[in-house]
Amino acid sequence: MKRMQKTNTRERLLDAAEAVVIEQGVSAMTLDAVAAKAGLSKGGLLYHFPTKDAIVLGMVSRIASIAQERFAAGLAGEPPGRGRHARTMLHMMLDTEGSLFPRLQRVAGPLLGAVSSNPKMLEPMRRFFQGVYQGMLDDGLPADRSWLILATLDGLKFWRIFGILHPSEEDLAGLRRLLTQIIDEASL
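Take this note's numbering: the last position of the sequence shown gets the number 201, and nothing is skipped along the way.
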């Protein structure tokens, strides 16, 4: 029971930090602001997150964990064989309705500002993408196609998160067909 309470408090603090970032920006995400938003004492917050960097790392780790869970669920639904990691990534990254993208859209920009001063905080995301890339190679997808697919999907994600470009649904459908064709041709 104590572990469950600890986990719930930790999640509550991460939710509060996320809310502060969304409402006021990452610069307003102080330990005091997060504790107040979560309805906890600063001491309660410090028990779980002793620094602001620890909170940011917790937020990045949670996003990476959600991505990993969604990816694993998608991968489980793919038939064995070549291209399954790439197809899973394609479906996951072009899904704008799933639980991951809206959260990324709200917090990725401010979090990137925070992690720019300490790039080590991106390690959870780095591990996730390295695992996906290695899975693509293990599936038999050539490295050049694996890089192309990851770079394309990541570029689209950042365009949408930062509001740089907004491909239409038709454009995204065409891109999905093209990337699927690249995966399928490499899988023959």
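Every residue, glycine too, gets a C-beta built ideally from N, C-alpha and C.
Unbroken alpha helix (DSSP H) run spanning residue i, endpoints
| i | result |
| --- | --- |
| A216 | With the chain running from 14 to 201 in the structure shown, residue 216 is simply not present. |
| G148 | 136 to 151 |
| I195 | 182 to 199 |
| I101 | It is Thr, not Ile, that sits at residue 101 in the sequence shown. Per DSSP, T101 belongs to the alpha helix (DSSP H) from 97 to 106. |
| F171 | 156 to 175 |
Sub-7 Å separation of residue i and residue j beta-carbons
| i | j | result |
| --- | --- | --- |
| A186 | P155 | no |
| K50 | A29 | yes |
| A99 | M134 | no |
| V34 | V120 | yes |
| L137 | S74 | Looking at the sequence shown, residue 137 is not Leu but Pro. Taking 7 Å as the Cβ cut-off, P137 and S74 qualify as a contacting pair. |
| L88 | T101 | yes |
| M72 | K170 | no |
| L44 | L58 | yes |
Anticipated Cβ contact below 8 Å, residue i with residue j, distance rounded
| i | j | result |
| --- | --- | --- |
| R95 | G144 | Incorrect: roughly 18 Å between the Cβ atoms, too far for contact. |
| Q81 | F142 | Contact flag wrong, Cβ pair sits at about 10 Å. |
Residue i - DSSP class collapsed to helix/strand/coil
| i | result |
| --- | --- |
| T132 | Correcting the residue identity first, residue 132 is Pro in this sequence and not Thr. DSSP places P132 in helix when its eight states are reduced to three. |
| T43 | coil |
| H61 | helix |
| L125 | helix |
| L178 | coil |
| A30 | helix |
| G56 | helix |
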